[in-house]
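Protein chains in written order, with the numbering used here: chain A, -12 to 68; chain B, 199 to 352.
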């Protein structure tokens, strides 16, 4: 099981803050493909290069492996400060 | 510890933050502080306020890492970093960065470095309220360039 969190504009577009997946996709890229299918028309921001990904609160790339218990967050480029 | 990192909804006092950087600090001859404010115009829209969202579990980790990176580049005394979240109005303070160091060059550089990295790496998102309605602020290429100027040093 993994927990997937969404922030900012992405959270609003997808209409939810988080989601739990019982089956763990092997990599970040596989998770992104799964979400893009799942959210179909609402998923434009999920495309690689648009939404950033953090695994267990550390920025990660597409090849990063996922394991049970991970917290994965997807979000738009940051705009604080 | 010489570092303070705070993420809070409450406002902060510049005088208090400055005092904490100076208190019983006899070794540092330079203190540089920066405060970021909510301004009334952004990307052509008349802004009336904004709301800041963040990723609580990740924010402190990233901010602490930015301070570690700054310390690896310059000999610094104290570092204080405060970032607000939640609804803010025009003119409100958003962020504070304060650095003390033996010499001003190091303090100026570290303060700017911390702001540049905070703007491109820390998980905060701004949603502005304007006369045109509400919208999420887009990340700016300019901020990426500014952070990129510092180059790699790991």
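Ideal Cβ placement from N, Cα and C applies to all residues, glycine included.
Under the Cβ distance rule, residue 66 of chain A counts among the residues neighbouring chain B, one pair being separated by less than 8 Å. The alpha-carbon of residue 284 of chain B is positioned some 14 Å away from that of residue 257 of chain B.
The continuous alpha helix (DSSP H) containing residue 259 of chain B extends over residues 254 to 271. When beta bridges are read from the DSSP output, residue 201 of chain B appears opposite B:277. Annotated as proximal: residue 300 of chain B and residue 273 of chain B, with beta-carbon spacing under 8 Å.
Just measuring C-alpha positions, the residue of A:-5, A:25, A:18 and A:24 sitting nearest residue 55 of chain A is A:18. With contacts defined as CB atoms closer than 8 Å, residue 330 of chain B and residue 277 of chain B fail to qualify as a contacting pair. With a cutoff of 8 Å on beta-carbon distance, residue 306 of chain B and residue 348 of chain B are scored as not near each other. Taking 8 Å as the upper bound on Cβ-Cβ separation, chain B lies near residues 41, 44, 45 and 46 of the region 41 to 52 of chain A. It is roughly 37 Å from the alpha-carbon of residue 286 of chain B to the alpha-carbon of residue -12 of chain A. Around the C-beta of residue 68 of chain A, 16 or more other C-beta atoms lie within 10 Å, and the residue is accordingly described as buried. Put simply, the CB of residue 212 of chain B is far from chain A, with every gap to its CB atoms at 8 Å or more. The alpha carbon of residue -10 of chain A has as its nearest neighbour, out of A:37, A:42 and A:36, the alpha carbon of A:42. Taking every protein chain shown into account, the CB of residue 31 of chain A has fewer than 16 other CB atoms within 10 angstroms, so this residue is exposed.
Rounded to whole angstroms, residue 35 of chain A and residue 280 of chain B show a C-alpha spacing of 32 Å. With distances taken between CA atoms, residue 15 of chain A lies nearest to A:50 out of A:62, A:57 and A:50.
Using a 10 angstroms sphere on the CB of residue 251 of chain B, the tally of other CB atoms reaches 16 or more, which defines it as buried.
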